[in-house]
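See structure below.
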Amino acid sequence: MDDLSKILNSSNFGFTILGEVLCHLIYADDVCLFATTKTSLESLLKICDEYATNHGLSFNSQKTQLQTFFPRWVNKLDPEFSIIFQKTTSSCSSVRYLGYIIQSHKKWNVDELCDDDEIMKRSGELYKRAYMLRSKFSKCSLDIKKYLFKSYLSNIFCTSLWVLNKTQYNKIRVSYNNAFRIICGFRKDCSATEMFHENNIRDFRSMRKIAIYSLAGRNLMSKNTVIDFVSDSSIHLDSRLSVLWYNILH
């Protein structure tokens, strides 16, 4: 796959950020392509298809998804967008990459990222894991139950990437609080602040703050050229996510 990455980089398709062309991300056998035009995307897909054919590989068309982001003036035209890759691939508003749901929605007729589906998924997982742990370890001591909560529920995947509104924040925070109540057998009406303080467990805000601090630190120390380039660019520093990180960490 390293050879495919080099071929894609040499194609000069994709989008440009401060003079650098970015057209793909590859993690193991998961490939994510970026393009600013339909023609460019079709060219990148052709490169991938030819590479697979020459190396006895094949891409799973059932898992191939297309996601588009349009500016206001294009959305006013109500565009329909599809790509021919092994079969017709129509644009969808939600795709999954490396276990994370990347969702788009329209705000003021402009496409932007949204985390509603991911938050709903993680909220449901908190309850599911909490009830599973309670059913299997209900007779264990409180110390064991707190250890289980720390091990399996005290970190939510990619929560550091969420820019939450008040409704979203309350939803995931309540799910986090209730998960601890379910596992440890605390009453539903008990104070969450006292519950976490008395049991020496991080509350949702503290857990998220640590996750943000960890990710920001890894970005700062990373030797990956793409991560280093994006994290130091004005696009990231002026983004809503960067402002959120600064407010939470300071």
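For the numbering used here, count along the sequence shown from 1 and bump the result up by 4.
Heads up, the beta-carbon is just placed ideally off N, CA and C, and yes, glycines get one too.
Since we're looking at a predicted model, the values are computed, not measured.
Run the CB neighbour count on residue i, radius 10 Å, all protein chains shown included, and call it buried at 16 or more, exposed below.
i, result
"residue 212", "buried"
"residue 181", "buried"
"residue 189", "exposed"
"residue 249", "buried"
"residue 146", "exposed"
"residue 148", "exposed"
"residue 254", "exposed"
"residue 247", "exposed"
"residue 176", "buried"
"residue 27", "buried"
"residue 230", "exposed"
I want to check one thing, is the minimum distance from the CB of residue i to the heavy atoms of the ligand NAD below 7 Å?
i, result
"residue 142", "With respect to the ligand NAD, the structure offers nothing, as it holds no ligand at all."
Is the beta carbon of residue i sitting closer than 8 Å to the one on residue j?
i, j, result
"residue 172", "residue 123", "yes"
"residue 196", "residue 134", "no"
"residue 48", "residue 61", "no"
"residue 119", "residue 166", "yes"
"residue 65", "residue 85", "no"
"residue 153", "residue 205", "yes"
"residue 210", "residue 127", "no"
"residue 19", "residue 43", "no"
"residue 51", "residue 9", "no"
"residue 214", "residue 252", "no"
"residue 73", "residue 108", "yes"
"residue 54", "residue 233", "no"
"residue 223", "residue 235", "yes"
Starting from the Cα of residue i, find the closest Cα among the options and give me that residue.
i, options, result
"residue 117", "219, 238, 104", "104"
"residue 32", "13, 6, 190, 46", "6"
"residue 187", "156, 138, 227, 87", "138"
"residue 56", "75, 11, 201, 99", "11"
"residue 99", "80, 40, 74, 67", "67"
"residue 69", "101, 43, 82, 50", "101"
"residue 95", "143, 45, 54", "45"
"residue 30", "228, 236, 252", "228"
"residue 129", "143, 158, 169", "158"
"residue 202", "150, 245, 164", "150"
"residue 163", "230, 26, 238, 208", "208"
Along the chain, where does the alpha helix (DSSP H) containing residue i start, and where does it finish?
i, result
"residue 254", "Per DSSP, residue 254 belongs to no alpha helix (DSSP H) and is neither H nor E."
"residue 86", "No alpha helix (DSSP H) holds residue 86; the beta strand (DSSP E) holding it covers 86 to 89."
"residue 167", "Per DSSP, residue 167 belongs to no alpha helix (DSSP H) and is neither H nor E."
"residue 121", "120 to 141"
"residue 52", "42 to 58"
"residue 219", "208 to 225"
"residue 61", "Note, residue 61: premise wrong, no alpha helix (DSSP H); not H, not E."
"residue 152", "146 to 156"
"residue 80", "Here residue 80 belongs to no alpha helix (DSSP H), and DSSP marks it neither H nor E."
"residue 241", "238 to 241"
"residue 14", "6 to 14"
"residue 229", "229 to 235"
What first and last residue would you give for the beta strand (DSSP E) that runs through residue i?
i, result
"residue 29", "28 to 31"
"residue 98", "98 to 101"
"residue 37", "34 to 37"
### Query
Which parts of the region 173 to 206 are runs of the alpha helix (DSSP H), unbroken and 4 residues or longer, counting only runs that do not cross its ends?
196 to 202
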